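All remarks here apply to the structure that follows.
Residue numbers (our numbering): 166 to 426.
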């Protein structure tokens, strides 16, 4: 189904007369104060396109801010190049009272997210003594069968459309921490000074200290540190998450307090 959908999307693009460059590399966004053009290499030749807007999609990874704040165990996914929380077959994390369903537990898509949510709900109903183990297992059996079918395409997609190495291992001048404007080269320089983990990069140069709390740069910083220090990402680790999970205003805080009263 997904392959057929992809073929149809490519056909629609071609029919609309939209130029498509597959395998482009060395992307540069050019402009003074705003975007004016994008430059890249395709089939060994340089290309430049005048534009006012650029959308970059570098892959999808789980948002682990909440699960990390809760202290759940995470592991590095070598295929998807990201951390994901460790879950059992009922979607329970390392703290059994916490369930993680959907792409927060590993990228699988919208339909798979719904199915993992149903599996988690069934087990939660069982632990709350609302349904029997037999009822839970019988209802989960068909869901698991459909889930396996839904996820069957994932290994192919992850390999066929893997994130380019220049994204995972960017050039020195590339800004990876947008909040604090820290480049990949600066993070590499930190390793020469003894930096081994992401939380140390905060002390060396405020990397990950901005309002996004590492949502954009976290996995990239981990990969750079792992490469430079010859370590596995699981050894390098990730940022410690601090509250609040997202920036809020004083007015929003005040309204929460008023609502609580």
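Glycine residues also receive a C-beta, built at the ideal position from the N, C-alpha and C atoms. Please read all numbers here as calculations on a predicted model, not as lab measurements.
Return the bridge partner residues of residue i from the DSSP annotation.
{"i": "residue 169", "result": "According to DSSP, which records beta bridges pairwise, residue 169 is partnered with nothing at all."}
{"i": "residue 347", "result": "342"}
{"i": "residue 408", "result": "In the DSSP output, where bridge partners are listed per residue, residue 408 has none listed."}
{"i": "residue 202", "result": "195, 215"}
{"i": "residue 250", "result": "239"}
{"i": "residue 301", "result": "Paired residue(s): none; residue 301 is not in a bridge."}
{"i": "residue 257", "result": "264"}
{"i": "residue 210", "result": "207"}
Could you check the C-alpha separation between residue i and residue j for me, to the nearest Å?
{"i": "residue 333", "j": "residue 351", "result": "16 angstroms"}
{"i": "residue 271", "j": "residue 242", "result": "9 angstroms"}
{"i": "residue 201", "j": "residue 215", "result": "6 angstroms"}
{"i": "residue 400", "j": "residue 235", "result": "20 angstroms"}
{"i": "residue 186", "j": "residue 179", "result": "12 angstroms"}
{"i": "residue 404", "j": "residue 391", "result": "14 angstroms"}
{"i": "residue 414", "j": "residue 420", "result": "10 angstroms"}
{"i": "residue 310", "j": "residue 284", "result": "12 angstroms"}
{"i": "residue 173", "j": "residue 217", "result": "28 angstroms"}
{"i": "residue 265", "j": "residue 275", "result": "14 angstroms"}
{"i": "residue 342", "j": "residue 307", "result": "44 angstroms"}
{"i": "residue 198", "j": "residue 337", "result": "22 angstroms"}
{"i": "residue 281", "j": "residue 299", "result": "18 angstroms"}
Kindly indicate which residue of the options has the alpha-carbon position closest to the one of residue i.
{"i": "residue 223", "options": "247, 238, 171", "result": "247"}
{"i": "residue 231", "options": "182, 262, 312, 407", "result": "407"}
{"i": "residue 411", "options": "418, 372, 376, 417", "result": "376"}
{"i": "residue 335", "options": "309, 320, 388", "result": "388"}
{"i": "residue 288", "options": "276, 310, 255", "result": "255"}
{"i": "residue 466", "options": "167, 380, 386", "result": "No statement about residue 466 is possible, as the shown extent of the chain runs from 166 to 426 and does not include it."}
{"i": "residue 259", "options": "278, 233, 273", "result": "233"}
Just to confirm my understanding: we take residue i, look at its own chain, exclude 5 residues before and 5 after, and list those with CB closer than 6 angstroms. What are they?
{"i": "residue 340", "result": "346, 348"}
{"i": "residue 290", "result": "296"}
{"i": "residue 213", "result": "202, 204"}
So, for residue i: in the same chain, excluding its five sequence neighbours on each side, which residues have a beta-carbon less than 7 angstroms away from its beta-carbon?
{"i": "residue 262", "result": "none"}
{"i": "residue 398", "result": "241, 387, 388, 391"}
Tell me which same chain residues have a C-beta within less than 8 angstroms of the C-beta of residue i, skipping the five on either side of it?
{"i": "residue 303", "result": "none"}
Self-check item: the segment 247 to 256 contacting the segment 224 to 237, beta-carbon criterion three pairs below 8 angstroms
Solution: yes
Quiz item: Is there contact here, the segment 263 to 277 with the segment 350 to 366, by at least three beta-carbon pairs under 8 angstroms?
Solution: no
Quiz item: So does the segment 358 to 370 actually touch the segment 311 to 326, counting three or more Cβ pairs closer than 8 angstroms?
Solution: No, they do not touch.
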